[in-house]
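Residue numbers (my numbering): 2 to 585.
We put the beta carbon where it would ideally sit given N, CA and C, even for glycine.
Note that the structure is a prediction, hence the values are computed from the model and not measured.
Since the structure comes first, as structure tokens, the remarks are kept for the end.
Structure (structure tokens):
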């Protein structure tokens, strides 16, 4: 049926699909690996012929020299082919690595922010860095090893069966054992344990990131890593899962390794019996003592390859969870022009589809006016601001800008008309100049002019290299308030008609807050401004204050009107006033 969803391949098949145009290089690598396996067998065949010749009453020395010379040529040519196979697989792997990371970066940029919010930073880091890195390592190293590990034993056993089928059958015992043990080592319970292993790594990565960020607090209170419950729990959980995996896998793996390490014994026993019973000659016995056991060496690589493929399969599934996730709708072709009135019409929203954050909310944010959102924690203030920027899409109702549903506006056009100043300051490991420019097509002079408006030109000029000082280096140390002023400079430089300020003075001391307020005065002129604030004294002059409570609009009006009409706002104002006069 046309509407039937096509089943996506999985595992190595999906990996080869991802390889795309690079499959030719991988195929070339595989062919070269097979040729290497053929050449690797030739010296042993020639040495077998040499021994047979030497056992003859008359030895042909010229023929012996020719065989030895050919064996040397085969060894040299084999190494050249092995090198070429490795180069082809590495070139393919690095190109696939680049394409995967590029696709992942582009895809994440098209997903709703809610998707990113549901995945912790440790999980995303593992998927984008660790899992893709393992895929590169698998393609670059394991595929040539896998091809060689299959081709060399098959070719060798074919030659051995032609030479003597009885000893060849005994030589196949490790393969039979491997065929029995592999299903046992990778049954359903083991695969579930492997899934738990990967989840524990993601949780541990997230715990480590949070632990590092919380290090100042931990040091202040003299705590240890064990006292940080999330971090210690993820580490102990990871240890327990690894121990369970080792205990579950060790018996079967130990039996295989022990048997393979002693695989010479059955070949030697049967070989000696056949030799003394005149069933085979000495050259055949020597040949099987070398090749009948030596062909097993590539199987060691294959024994490790099974667990690698399981890891790769899980990594590919995690990649596909992102690559095939539903993108934010971008079908809209409307454009914002001159009307920037913002209207919430019957808007309901939930992050997890269980608990509602906004309930049929209705209000208007007039163009060119300053609107403040206040209310208790969890009342939906930040959610309102994020819905305006379409970080999430509403489940019911609509958010309108200029009378147009923002879902029908081109995302890039919407972003061009909105600026943000967040509570948390985001700085990149770039120069101060580029941290303000943020990829915008602006000259250095325009960047510096924006910095002056944002009251950050002075402290940037004091840095060792001024605007060219690298953030994150040993010489760049900015306070929280100074970093917020860098964010303000970005907003000034962008000069978008809609401005969202989310607790923009949260980490500022009185001096920084005064300078930020001065910058605000220049920044908000003639703009549609949304301010989210807990310090009510900073928004008393707003054109409109919307009081949120439990996902609903409790009241709206000016500061003076709300003090008379809204008991909730009056209580908040009195609490704020008492806090300002609190002293120890």
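Check	Outcome
Alpha carbon to alpha carbon, how far is residue 179 from residue 111? Give it in angstroms, no decimals.	46 Å
Which of the three DSSP states is assigned to residue 428 in this structure?	coil
Taking all protein chains shown into account, decide if residue 177 is buried (16 or more other Cβ within 10 angstroms of its Cβ) or exposed.	exposed
For residue 315, count neighbouring C-beta atoms within 10 Å of its own C-beta (all shown protein chains included) and say buried if the count is 16 or more, exposed if not.	buried
Is the CB-CB distance between residue 322 and residue 398 below 8 Å?	no
Could you pull the start and end residues of the beta strand (DSSP E) that residue 360 belongs to?	359 to 366
May I have the straight-line CA-CA distance separating residue 508 from residue 496, to the nearest angstrom?	Model confidence at residue 508 stands at a pLDDT of 49, short of 50, so the residue's coordinates are unreliable; what they give is reported in the following sentence. If I take the Cα positions, the gap works out to 24 Å.
Between residue 1 and the rest of its own chain, which residues show a CB-CB distance below 8 Å, the 5 nearest in sequence each way excluded?	A question about residue 1 goes unanswered here, because the residues of the chain that appear run from 2 up to 585.
If distances are taken between C-alpha atoms only, which option among 64, 23, 173, 547 comes closest to residue 376?	547
Across which residues does DSSP place residue 405 in a beta bridge pair?	402
Would you tell me roughly how many angstroms separate the C-alpha atoms of residue 574 and residue 344, rounded to the nearest one?	27 Å
Within 10 angstroms of its Cβ, does residue 339 collect 16 or more other Cβ (buried), or is it exposed?	exposed
According to DSSP, simplified to helix, strand and coil, what is residue 485?	helix
Ordered along the chain, which non-local residues of its own chain (more than five positions away) have a Cβ less than 6 Å from that of residue 75?	40, 43, 44
Between the beta-carbon of residue 205 and the beta-carbon of residue 162, is there less than 8 Å?	no
So, helix, strand or coil for residue 549, using DSSP?	strand
Are there 16 or more other CB atoms within 10 angstroms of the CB of residue 202, so buried, or fewer, so exposed?	buried
For the ligand ATP, any of its heavy atoms closer than 7 Å to the Cβ of residue 553?	Within the structure as shown, the ligand ATP is missing, as the structure has no ligands at all.
If you check the beta carbons only, do residue 93 and residue 23 fall under 8 Å apart?	yes
Do you know how far the Cα of residue 456 is from the Cα of residue 562?	33 Å
Considering residue 373, what are the terminal residues of the beta strand (DSSP E) in which it resides?	371 to 375
How far does the beta strand (DSSP E) with residue 392 in it extend, from its first residue to its last?	Premise fails: residue 392 is in no beta strand (DSSP E) and is neither H nor E.
In three-state terms, what does DSSP make of residue 557?	strand
Going along the chain, which residues of its own chain have a beta-carbon closer than 8 Å to the beta-carbon of residue 566, five neighbours each way excluded?	556, 558
What are the boundary residues of the beta strand (DSSP E) that includes residue 165?	Run containing residue 165: none; DSSP gives neither H nor E here.
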